[in-house]
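The structure under discussion appears below in the form of structure tokens.
Chains as they are written, first to last, in our numbering: chain A, 1 to 266; chain B, 267 to 532; chain C, 533 to 798; chain D, 799 to 1064.
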């Protein structure tokens, strides 16, 4: 049973107010809340799942953060992708061990983290970003979560100049920039034919232009969609959906390039 | 650029009627449809993404199947889990390389396949199933998709007798049987404290009983939810949501055991 | 207790296959189905709600059709508005006794019917339609449902020439044509200031242009929305949402004219 | 063009912060907000839709309240029914001029108001409520909105003793109490056979028991459902759904009694 160590990134969860905190016990040996102080360092050497009590009697738990916890709790500067969208996107792109994936638009780096996690050390993720400040912030987030960026390459690029030679360098690609349609020809140029390509679009307008461009490039199996997520409150004799829900994050659109779509671009 | 070989499981996609077929070219060197015959063996030695023409001029594409294609297209005997639910579940359970995951209720083996894919050879998946016919069917599906079951153990068990010693054998667990609440104490007995546990419940009644039992067992961070998925049709000047959608597959519920919840069960 | 008469439009409902039929017993004294023949004329003189048995033992009920039954069951030639959208629209437009309502785009006449029903003989509904065939069809539907068109005026118009003098002829208006934005200035010209105006738009593109035009015309309290409707199956111990649902009918958008918005158009 | 009078209940709408206020100008000749004071009495004698300016330059509009405005803005003490649910319910119950409708559970009186509005002076609404304080509050709301309660009867009753003789006193009924199934036999006893009966249920559990009881009472055409409502933001070149939505208000369930179901209860 693995013990909690000082250098672990841990999830501290307090049921009574439902909040999750992501922290290093080394940096926060004691943790002040409005319901008293928790001595986190008491958890060291004990198994994950251990309960701590604050000096005012509140109970909190030290848990091992899942990938989802990291995705949700790393500091954000821009809109992040949500787990409901990330989960389906990973499947749709066929992300898995050993894959080479291109990401256009690093943002906070949270989808980069998910890609890195699932392609593993045999694969690699190249993530392109135009803004230097985003890139710096994403790098910090990724280092915090992963300690080393073994399979991740972060590159600052302008939209029009990409550093790649022709040819199938990537098995799949994901685009998260305001005008995805502009980079699709470049994306197809460097992806394997048949490889899945996805884009995320906050507005209908972006979705429409991206879909039209995918079609024009000869891509096939194009599907646009939105994922909705509603909490349900299971309580004995009075179970009902939650009264509040997120109405919208973004639309997703996926397609596959074909040999024709790549040749059409030359 | 990897070439298409006889023994590859390929996805054959025909845009004009939107169907996907999962097949071995060795078994189906030529493929008859209502729009003519495709000579699939012409794709051998060519790259994925190649276009073929039927003898009546229809175009189809030979693509590399993603995990999602496998999940959706392997033969089914019972209700399967859908990608919208699988994707979020994988994140919520924190599934990743090297993890040891318990599945209760193998069914068609499609979630087993997803688990195996993401834990990789360093991890393992143990999947329990009461019905021998389901287990046989799941094994066939898994062999078809994976060729060897390196990191999967399929076990036929009765609900009340599990073959495991006490102790944290698994990092996470997922339960897909009609009465998940009955096995939760056993599940907690063999999972690491703090480890995420998820259940899938088609009805709200199952969801309610499962949630109540999770609470009674001292689990924390309990969240029940449903994921909805709606297609959107992006067309120039007339983009709109699709008129048909799946209204329901199943509810999901997740929680984490704590040291207390495991001890409470002894 | 009102008795069923030959000339009543009745709803015939057969629970075992869940279908509703709207018919006159005079026209269909006996009704053939795949589960036998029902002698509908046996219901004459008996109260609504009476059960009939077919010669093969199936049970059916003769019910009084509600407005919703009429809306759903009158013959359709074009897309109809659905009750989920009609109900909210009636409230949003403030439709009620004595109101004068303008409808642009008669279509099948089913929303015209709803308006006529709720404004009553003290109010009136003027419905404009460009296509003569739609107008003929709508008139047939309305006559079938209402016998006389006491408070309804159906007018064939071209988009650009409307027969109305300036001034507040209508208390509210509803537009159901492909390009609602084109007629909005005319609509505002003949509606009372402050009066609610609604439009129905199948695509987001139509919705966007309509919203932008409403804003440009100085309308206020603009709200666009969609209404979703999901069946739930309540069964003892296994209640769950229905697996099939309608994913989309149309978007709705509402706003109110102001004195400024009408003057802006002069 | 009707002029605004002192005794009118008016809707005052301020676009810049999107709030609606329901008030009598007599009671609020001047109206203070965080953006200055509006002199509402300046609107007297002018047409609805008139714009006013606060002493700090903010613009507000005096509008005629629709039924929906009244439903949403009358003071609430208990959970109200929302327009999305009211609109569909009115259609499903076939509410219209001259109908006699029974309501069980007056609550705030907001659905009572809607019923009164649509059945008109030729119809009547009888609303039963157990709690005297709710009844008092509902009466105040109704008087505020309607001035006189011409077609409404409000009765305080205990659940088990209803003042009605046998027989078809009502054409339709709606039940909004925590245990609708308990009163269904009484409801069927006093409703016309074939008449639609609806219930509103916040939880799945209530919905299930109500559905099971409807079935047991021989009701037919039973349908349970939920209505969801999502705002869309139409903006030039960046139209998207709203990020916040109401996830749940209540489930609705409808059925029709039959001659058999009424006799079964004797």
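Cβ atoms here follow ideal geometry from the backbone N, Cα and C, with glycine treated the same way.
Residues of chain B whose Cβ lies closer than 7 Å to the Cβ of residue 1002 (chain D) are, in chain order, 470.
By the neighbour-count criterion, in which a residue is buried when 16 or more other Cβ atoms sit within 10 angstroms of its Cβ, residue 776 (chain C) is exposed.
Apart from the 5 residues on each side of it in sequence, residue 105 (chain A) sits with its Cβ closer than 6 Å to the Cβ of 176, 177 in its chain, given in chain order. Rounded to the nearest angstrom, the gap between the Cα atoms of residue 304 (chain B) and residue 613 (chain C) is 44 Å. DSSP places residue 730 (chain C) in the uninterrupted beta strand (DSSP E) bounded by 728 to 733.
Put simply, the stretch 611 to 631 of chain C does not touch the stretch 675 to 690 of chain C. Fewer than three CB pairs are less than 8 Å apart. Note on residue 134 (chain A): 16 or more other CB atoms within 10 angstroms of its CB, so buried under the neighbour-count rule.
Per DSSP, the unbroken beta strand (DSSP E) holding residue 305 (chain B) starts and ends at 302 to 305. Cβ atoms of residue 340 (chain B) and residue 376 (chain B) come within 8 Å of each other, at about 6 Å. Linking residue 899 (chain D) to residue 474 (chain B) through their CA atoms gives a straight-line distance of about 36 Å.
Closest by C-alpha distance to residue 668 (chain C), out of C:624, C:609, C:692, C:656, is C:609.
Using a Cβ-Cβ cut-off of 7 Å, residue 610 (chain C) does not count as an interface residue toward chain D, since no Cβ of chain D sits closer than that to its own.
Using a Cβ-Cβ cut-off of 7 Å, residue 772 (chain C) is close to 468, 469, 470, 514 of chain B, given in chain order. Taking the Cα of residue 734 (chain C) as reference, the smallest distance to any Cα among C:718, C:748, C:758, C:745 is reached at C:758. Taking a Cβ-Cβ threshold of 9 Å, the residues of chain A close to residue 458 (chain B) are 1, 2, 47, 48, 49, 64, in chain order.
Taking 7 Å as the cut-off, the beta carbon of residue 670 (chain C) is found no closer than this to the beta carbon of residue 732 (chain C).
With its beta carbon at least 7 Å from every one in chain C, residue 980 (chain D) lies outside the interface. The C-alpha of residue 86 (chain A) is placed about 25 Å away from the C-alpha of residue 162 (chain A). A direct Cα-to-Cα measurement between residue 330 (chain B) and residue 167 (chain A) gives close to 17 Å. The straight-line gap separating the alpha-carbon atoms of residue 809 (chain D) and residue 621 (chain C) is approximately 19 Å. Residue 398 (chain B) and residue 388 (chain B) have their C-alpha atoms some 28 Å from each other.
Per DSSP, the unbroken beta strand (DSSP E) holding residue 497 (chain B) starts and ends at 486 to 499. Separation of the CB atoms of residue 846 (chain D) and residue 802 (chain D) is rounded to 6 Å, and the pair is thereby assigned contact status at 8 Å. Boundaries of the beta strand (DSSP E) around residue 950 (chain D): 950 to 954.
For residue 350 (chain B), the chain A residues whose Cβ falls inside 7 Å of its Cβ are 88, 227, in order along the chain.
When rounded, the separation of the alpha-carbon atoms in residue 635 (chain C) and residue 992 (chain D) is 33 Å.
Per the C-alpha coordinates, the member of B:291, B:323, B:289 positioned closest to residue 300 (chain B) is B:323.
Sequence-distant partners of residue 321 (chain B) (beyond 5 residues in either direction) whose C-beta falls short of 6 Å from its own C-beta, in its chain, are 302, 303. Distance check between residue 696 (chain C) and each of C:602, C:746, C:660 places C:660 closest, using alpha-carbon atoms only. Chain-ordered, the chain B residues with CB closer than 7 Å to the CB of residue 769 (chain C) read 471.
Non-local C-beta neighbours of residue 971 (chain D) in its own chain, meaning closer than 6 Å and more than five positions away in sequence, comprise 900, 985, 989, 995, ordered along the chain. Residue contact check for residue 836 (chain D) against chain C: no CB pair falls below 7 Å. Chain-order list of chain C residues neighbouring residue 496 (chain B): 779, by C-beta distance under 7 Å. Proximity of residue 122 (chain A) to chain B, defined by a Cβ-Cβ separation below 7 Å, is not satisfied. If you check the CB distance, residue 334 (chain B) and residue 92 (chain A) come in under 7 Å. Residue 257 (chain A) counts as buried, since no fewer than 16 other beta carbons sit within 10 angstroms of its beta carbon.
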